[in-house]
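Following my numbering, the numbering of the sequence shown begins with 40 at its first residue and continues without gaps.
A virtual CB, placed ideally from N, CA and C, is assigned to each residue, including glycine.
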Amino acid sequence: MNPTFRNCTFVGGDLQLYQGNSTIWTFKDNLFDGTTSYMEGTITNSYNAYTTNATRLTPTAASDIKLSVTNITYAKGLLGSFYLPTNLTSHSTLFNSGSWNATNAGLYHFTTTTNQVKETNSVIDIGFHYVAVNSSGSPLDNDGDGRADYFEDTDGDGIADAGETGWQVYNSLFGAGGGPGLVLFTPLR
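Written as structure tokens, this is what we have:
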């Protein structure tokens, strides 16, 4: 078993990691908020963020972020209770500070904040991500064809690849027209 933990948010509690022989465990782009960690074995880790009362994974990495707060006051949003606040300077280091671009992580159409701004092709934010939604709580549908952007772009890289429908181009279910509307078929006699 070679588990990879990326873009997770750990809030409080104990995280006990017992890594077996000849396996690789990876922790990157995670947020540890008041979490006590205990480790046995070697864990590959970097680009993680820690509150002042969280135990850092070892070996520590130069790319880790040490926040100046003991806990984070998360914002409640349409899909959950762990959105990152955008109005606190103590948290601003969590944005665009990960180990790779959101396109590589498949998170182009996802967000960490209640303003629902997509990650797009930026450096990934640290912590848990939600799919970006509109004010009604429905996943964003840029082209208005009834299929959510994240659904049309199945690999989450922002590009319409082979086997995907373009999330920026209206795709009619029945191949009719360039936009939604009434399609009438009449039989010929």
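For residue i, three-class secondary structure by DSSP
i: THR65; result: strand
i: ASP192; result: coil
i: ALA141; result: helix
i: THR3; result: Because the chain here runs from 40 to 228, residue 3 falls outside it and cannot be looked at.
i: THR128; result: helix
i: LEU70; result: strand
i: LEU133; result: helix
i: PHE236; result: Outside the displayed span of the chain (40 to 228) sits residue 236, for which this structure offers no information.
i: ILE163; result: coil
i: PRO178; result: strand
i: ILE82; result: strand
i: TYR169; result: strand
Sequence-distant residues of the same chain with beta carbon closer than 6 Å to residue i, five excluded per side
i: THR91; result: THR109
i: LEU54; result: THR74, SER76
i: ALA199; result: GLY205
i: ALA144; result: ILE163
i: TYR86; result: LYS67, ASP68, SER102, GLY137, SER138
C-beta atoms of residue i and residue j nearer than 8 Å
i: PHE149; j: ALA114; result: no
i: THR65; j: THR43; result: yes
i: THR74; j: THR99; result: no
i: ASN210; j: ARG186; result: yes
i: PHE134; j: ASP103; result: no
i: GLY116; j: LEU146; result: no
i: ASN46; j: ASN69; result: yes
i: THR151; j: GLY166; result: yes
i: GLY142; j: GLY197; result: The sequence given here has Thr at residue 142, not Gly. Closer than 8 Å, so yes.
For residue i: DSSP bridge partner residues
i: LYS115; result: For LYS115, which the question treats as bridged, DSSP gives no partner whatsoever.
i: GLN207; result: The partner list for GLN207 (beta bridge, DSSP) is empty, contrary to what the question assumes.
i: LEU123; result: In DSSP, LEU123 forms no bridge with anything.
i: ASP53; result: THR75
i: ILE104; result: ALA88
7 Å Cβ shell around residue i - same chain, five flanking residues per side excluded
i: ASN181; result: ASP188, TRP206, GLN207
i: THR193; result: GLU203
i: LYS105; result: TYR89
i: GLY119; result: TYR169
i: ILE111; result: ASP72, THR90, HIS130
i: THR232; result: This structure cannot settle anything about residue 232, because the visible part of the chain is limited to 40 through 228.
i: ASN23; result: Outside the modelled stretch of the chain, which goes from 40 to 228, sits residue 23, for which no answer is possible.
Own chain partners of residue i with C-beta closer than 8 Å, once the 5 adjacent residues on each side are dropped
i: GLY51; result: ASP72, GLY73, THR74
i: ILE82; result: LEU56, GLN58, TRP64, THR65, PHE66, LEU96, THR97
i: ASN140; result: ASN160, SER161, VAL162, ILE163
i: GLY176; result: LEU117, LEU118
i: LEU123; result: ILE111, TYR113, ALA114, HIS130, LEU133, PHE134, THR151, THR152, ASP164, GLY166
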